[in-house]
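Residue numbering for the sequence shown follows our numbering, beginning at 270 and increasing consecutively.
We put the beta carbon where it would ideally sit given N, CA and C, even for glycine.
Keep in mind the model is a prediction, meaning the values are calculated, not measured.
Okay, so here's the structure we're looking at.
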Amino acid sequence: AQNIGSVLYSSDLDGTKYNFISDAASRIFGYESDDIQSNKVSLIRKINPKYISDFKKFIEKLKLGENAVVEYQMKDGRDNDLFVRHTGFPIKENGKIVRVVGSISNVTDEIEYRNKLEKSEERFRLLIETAEDLIFTLDSNGYFVTVNTLGARSLGFTPEELIGKHFLEFVDEENKSNVAVAFQEILKQKELTSFEVRFIDKFEEILTFEINARNLKSGDETIGLIGFGRNVTERIKNESKLKELNAKLIEANRMISIEQDRTKQQLTVLDELNKLKNEFISNISHELRTPLASIVGFAETLVTDKDLPSEIVEEFSGIILSEGKRLARLINDILDFSKLETDTNALEKTNFDIILVLNELADRWGKIAEEEGLTFSSEIPGTEIIINADKERIQKAINNLLSNAVKFTQKGGRVTLMARDFLKEVEVIISDTGVGIPKGDIPKLFQKFSKVGKTSTQIPGAGFGLTTVKQIVDLHDGLIKVSSELNKGSTFIVKLPKSSRR
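Encoded structure:
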C-alpha cells in the first residue's frame, strides 16, 4: 500500500537506459516496462523541457556518488501531464559507480495542492497591496509596524517613510489629544472601534480618515493594533459616503481575523514553538516515509519477481538493510526525545565514574575514526571523577557529539576527546577539524527540529540530534557551549556538576 504510486528501477548513470524497471510502470506511466528497457520508449524524452535542467543536476549529483531526488513533469502513455518524484541511489563496484537504482513516484496530487496553496497566498498578498484603503499595524507604543503601499501613497508617502515612525507625527495638532486617547482605549478593549483621524499628508494637506481598529494580542499580552482607514475627506464635506461604512465594517472584521493570526505567528516565539510541535508529526512522517518507501518497494520486488539477477537481489537487500537500520535509529531518537520532552522524571540518576564512560567511548570512536581515515586522540585524567547522573543519557549525549565530529570531518582530519577535572564540575571537550558551522547558524544550533549549515544537506534526519544533547545536559543542571569556524572545525564543551559524595 505504501508503494502504490512507485516504480522501481535500475539504470545507467545518465538515466537514459534502464536494465530493470518494475511492472508498475504500465500503471503509473502508461508504458510497458519491456518497452522502456528496450528503449522503445525513452522516459527522458517524456520530461517537460522546462524541467530538463533540474534532471541534469539530479544526474550530476548521482555521478558524484550522492543520493539524489528530483521532481519534474512528464507525459504519460495517455498523453496526460503528471508530476513525479524521482529518487536515485548510486551503486558502486570496486569503488566505481556503475549504475543507479531507485524509485519514481506519482506526486501529481501533492504538487497540484502545493501550487494551489501558493497561488492562494499570492492572491491574499495582492489583495492587501492593491487595496486602496489604508491598512496598517501599530506596536503597543504607537509606532508603525506595517503599512500597505497604496494606503501610504494616499498620504503622499511610501511605506518606508512611515514604518518606524510614531503615528501621532502625522496627525493634525488639534486632533492629537483625542486620537491618543482613542489609541489607548483600543489597546484595552476587545471590540472593534471606529473613530476619525485628521492626518497631515506629505504636502501639508489635512485628510480625514475613518479608522476601524482593534487590538492585537499574543496570548494574554496586547502587542499593538491593526487598523483599516478610508479617506472620507469628501464625505466630511458633503456627507455623501455614509452608505459605505457598513460594508467596510464587515471587511474590517474579516481582515482583522486574518491579520491577527499572521501577527501571532510572526511575533510570538512561544506560538512558533507550539506550531513546530504541532507540525512534528508531519516532519517526522517525511523522514519515516523515505526509508520506509525504499524498504517496502524493494522488498515487494524481491518477493514478487523471483527471476531477478543475483546482483540485483544483493543490491536491493543491501538497501533494505541500510534503510531499515536508518529507520530504527530514527524511531529510537524520536522515542527518547519525546520521553525527555514530556517526562521530567525520565532520568535515572546514580553515582558513577564518568572517566570509565569516556574511556569506553574513546576506544569505540578511535576505531571508527581510524576506519574513516581520521586521527583520533584523547586526553582523559587517570583518576576517577564521580558524577550523579543518568549514565545512559550522559553516554548518549557525548556519543552524539563524537558521532557528529567524525561525520563532519574530512579524511585526514583530527577528532579529539578531552576531560578536565575542576573543584565542583567536570568538563568534557569534543573538538574536530571538520567543516565547521557558519557563524550565523550557531544561535540556531540547539533549536528543536532545526538543521543548519552544510549539515542540513549532507546528513539526513529529523533535526533534533543536538537538541537532544542540550536537553540531556540541561536536565543535569549542566552547560553546553560551542565555538566554530567555517572550514576549520568545531569545539563543543559540556560542563557537568560533580557528585557531592566524598
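**OP:** Identify which residue in 426, 715, 433 and 395 has its Cα closest to the Cα of residue 411.
**Re:** On the sequence shown, position 142 is the one that residue 411 refers to. The candidate whose alpha carbon is nearest that of residue 411 is 433.
Original post:
From residue 472 to residue 386, what distance separates their C-alpha atoms?
Top reply: Position 203 of the sequence shown, counting from 1, holds the residue named residue 472. Position 117 of the sequence shown, counting from 1, holds the residue named residue 386. So the two alpha carbons sit approximately 41 Å from each other.
**OP:** Name the two residues that bound the continuous beta strand (DSSP E) containing residue 474.
**Re:** The count along the sequence shown starts at 1 and reaches residue 474 at position 205. It is not in any beta strand (DSSP E) - residue 474 carries neither H nor E in the DSSP assignment.
Original post:
Which of helix, strand or coil does DSSP assign to residue 652?
Top reply: Looking up residue 652 in the sequence shown gives position 383. When secondary structure is reduced to three states using DSSP, residue 652 falls in the coil class, being assigned neither helix nor strand.
Original post:
residue 310: beta carbon under 8 Å from a heavy atom of the ligand HEM?
Top reply: Only the bare structure without any ligand can be found here, which leaves the ligand HEM out of the picture.
Original post:
From what residue to what residue does the beta strand (DSSP E) around residue 499 run?
Top reply: What you label residue 499 is simply residue 230 of the sequence shown in a count that begins at 1. Per DSSP, residue 499 belongs to the beta strand (DSSP E) from 490-500.
**OP:** Could you work out which residue in 672, 467, 383 and 567 is closest to residue 635 when comparing CA atoms only?
**Re:** In the sequence shown, counting from the first residue as 1, residue 635 sits at position 366. Among 672, 467, 383 and 567, the Cα nearest to that of residue 635 belongs to 672.
Subject >> When 276, 674 and 418 are compared against residue 357, the one with the closest alpha-carbon >> reply: Your numbering for residue 357 matches position 88 in the sequence shown. Check the Cα spacing between residue 357 and each of 276, 674 and 418: the tightest is with 276.
Original post:
I think residue 322 touches residue 354, with their Cβ atoms under 8 Å apart; what is that distance to the nearest whole Å?
Top reply: Translated into positions along the sequence shown, residue 322 becomes position 53. Translated into positions along the sequence shown, residue 354 becomes position 85. With 8 Å as the limit, residue 322 and residue 354 do not qualify as a contact, their Cβ atoms being about 17 Å apart.
Original post:
What are the complete beta strand (DSSP E) segments, minimum 3 residues, inside the segment 729-764?
Top reply: Runs of the beta strand (DSSP E) inside the segment 729-764: 748-754.
Original post:
Looking at the structure shown, is residue 689 part of a helix, part of a strand, or coil, going by DSSP?
Top reply: In the sequence shown, the residue the question calls residue 689 occupies position 420. Residue state, collapsed to three classes: strand.
Original post:
Cα-Cα, which of 624, 633, 641 and 735 is closest to residue 687?
Top reply: Sequence index remark: in the sequence shown, residue 687 carries index 418 (1-based). Of 624, 633, 641 and 735, the residue nearest in Cα terms is 624.
Original post:
Which residues bound the beta strand (DSSP E) around residue 413?
Top reply: The residue given as residue 413 occupies position 144 in the sequence shown. It spans 413-416 - the beta strand (DSSP E) in which residue 413 sits, taken as one unbroken run.
Original post:
What's the gap between the Cα of residue 680 and the Cα of residue 324?
Top reply: As a first step, residue 680 must be located in the sequence shown, where it is residue number 411. As a first step, residue 324 must be located in the sequence shown, where it is residue number 55. Each residue's Cα considered, the two are about 30 Å apart.
Original post:
So what does DSSP say about residue 716, is it helix, strand or coil?
Top reply: On the sequence shown, residue 716 is found 447 positions in, with the first residue counted as 1. Here DSSP, grouped into helix, strand and coil, assigns residue 716 to coil.
Original post:
Which same chain residues, not among the five before or five after residue 414, have their C-beta less than 6 Å away from its C-beta?
Top reply: What you label residue 414 is simply residue 145 of the sequence shown in a count that begins at 1. Counting only residues of its own chain and dropping the five nearest sequence neighbours on each side, residue 414 has a CB closer than 6 Å to the CB of 406 and 408.
Original post:
Per DSSP, what kind of secondary structure is residue 482 in: helix, strand or coil?
Top reply: Here the question's residue 482 lines up with position 213 in the sequence shown. DSSP places residue 482 within a strand segment (E or B) once states are collapsed to three.
**OP:** For my contact list, residue 564 and residue 587 are in at a C-beta cut-off of 8 Å; report their separation, rounded to the angstrom.
**Re:** To locate residue 564, count along the sequence shown from 1; it is residue 295. To locate residue 587, count along the sequence shown from 1; it is residue 318. Not a contact, Cβ separation roughly 12 Å.
Subject >> Three-way DSSP call (helix, strand, coil) for residue 426 in this model >> reply: For this step, residue 426 is matched to residue 157 along the sequence shown. Coil at residue 426, not helix or strand.
Subject >> Short CB-CB distance (under 9 Å) between residue 686 and chain B >> reply: No chain B appears in this structure, which consists of one protein chain only.
Original post:
If you draw a straight line from the C-alpha of residue 308 to the C-alpha of residue 562, how long is it?
Top reply: Stepping through the sequence shown from its first residue, residue 308 is reached at position 39. Stepping through the sequence shown from its first residue, residue 562 is reached at position 293. Distance between residue 308 and residue 562, taken at the CA atoms: about 27 Å.
Original post:
Does the beta-carbon of residue 656 have 16 or more other beta-carbons within 10 angstroms, so that it is buried, or is it exposed?
Top reply: Within the sequence shown, residue 656 is the residue found at index 387, counting from 1. Answer is buried; the Cβ neighbour count reaches 16.
**OP:** Evaluate the contact criterion for the segment 294-301 versus the segment 573-589: three or more CB pairs, one atom per stretch, below 8 Å.
**Re:** Between the segment 294-301 and the segment 573-589 there are fewer than three C-beta pairs closer than 8 Å, too few to call the two in contact.
**OP:** Alpha carbon to alpha carbon, how far is residue 574 from residue 313? Give it in angstroms, no decimals.
**Re:** Looking up residue 313 in the sequence shown gives position 44. Looking up residue 574 in the sequence shown gives position 305. So the alpha carbons of these two residues sit roughly 25 Å apart.
**OP:** Any chance you could list the beta strand (DSSP E) runs of at least 3 consecutive residues sitting entirely within the segment 331-367, in chain order?
**Re:** Taken in chain order, the complete beta strand (DSSP E) segments of 3 residues or longer contained in the segment 331-367 are 337-344 and 350-362.
Subject >> Rounded separation between residue 484 and residue 459 - CA only >> reply: Counting from 1 along the sequence shown, the entry for residue 484 is found at position 215. Counting from 1 along the sequence shown, the entry for residue 459 is found at position 190. Between residue 484 and residue 459, the C-alpha separation is close to 7 Å.
Subject >> residue 389 - DSSP class collapsed to helix/strand/coil >> reply: Taking the sequence shown and counting its residues from 1, one reaches residue 389 at position 120. Correct three-state label for residue 389: helix.
Subject >> residue 698, enclosing beta strand (DSSP E) - first and last residue >> reply: As a first step, residue 698 is located in the sequence shown; it is residue number 429 there, counting from the start. Segment 694-701, the beta strand (DSSP E) holding residue 698.
**OP:** Identify every residue that forms a DSSP beta bridge with residue 658.
**Re:** As a working note, residue 658 is residue 389 in the sequence shown. Its beta-bridge partners are 619.
**OP:** Taking the CB atoms as reference points, tell me whether residue 499 and residue 517 lie closer together than 9 Å.
**Re:** Looking up residue 499 in the sequence shown gives position 230. Looking up residue 517 in the sequence shown gives position 248. In contact: residue 499 and residue 517 (Cβ atoms closer than 9 Å).
**OP:** Kindly list the residues whose CB is nearer than 7 Å to the CB of residue 350, restricted to its own chain and excluding five residues on each side of it in sequence; keep chain order.
**Re:** Position 81 of the sequence shown, counted from the start, is the residue given in the question as residue 350. Within the same chain, and ignoring the five residues on either side of residue 350 in sequence, the residues whose Cβ sits closer than 7 Å to its Cβ are 342 and 344.
**OP:** Just tell me which of 577, 306 and 669 has its CA closest to the CA of residue 735.
**Re:** What you label residue 735 is simply residue 466 of the sequence shown in a count that begins at 1. The option with the nearest alpha carbon to residue 735 is 669.
**OP:** Starting from residue 465, follow its DSSP beta bridges and name the residues at the other end.
**Re:** Counting from one through the sequence shown, the residue named residue 465 turns up at place 196. Note: residue 465 sits in a beta bridge opposite 479.
Original post:
In terms of residue numbering, what span does the alpha helix (DSSP H) encompassing residue 456 cover?
Top reply: Taking the first residue of the sequence shown as 1, we reach residue 456 at position 187. First-last of the alpha helix (DSSP H) with residue 456: 445-457.
Original post:
Is it the case that the Cβ atoms of residue 403 and residue 452 are separated by a distance below 9 Å?
Top reply: Here residue 403 refers to the residue found at position 134 when the sequence shown is read from its first residue. Here residue 452 refers to the residue found at position 183 when the sequence shown is read from its first residue. In terms of Cβ geometry, residue 403 and residue 452 do not form a close pair [threshold 9 Å].
**OP:** From the DSSP output, in three-state form, read off residue 432 for me.
**Re:** Here residue 432 refers to the residue found at position 163 of the sequence shown. DSSP places residue 432 outside both helix and strand once states are collapsed to three, so it counts as coil.
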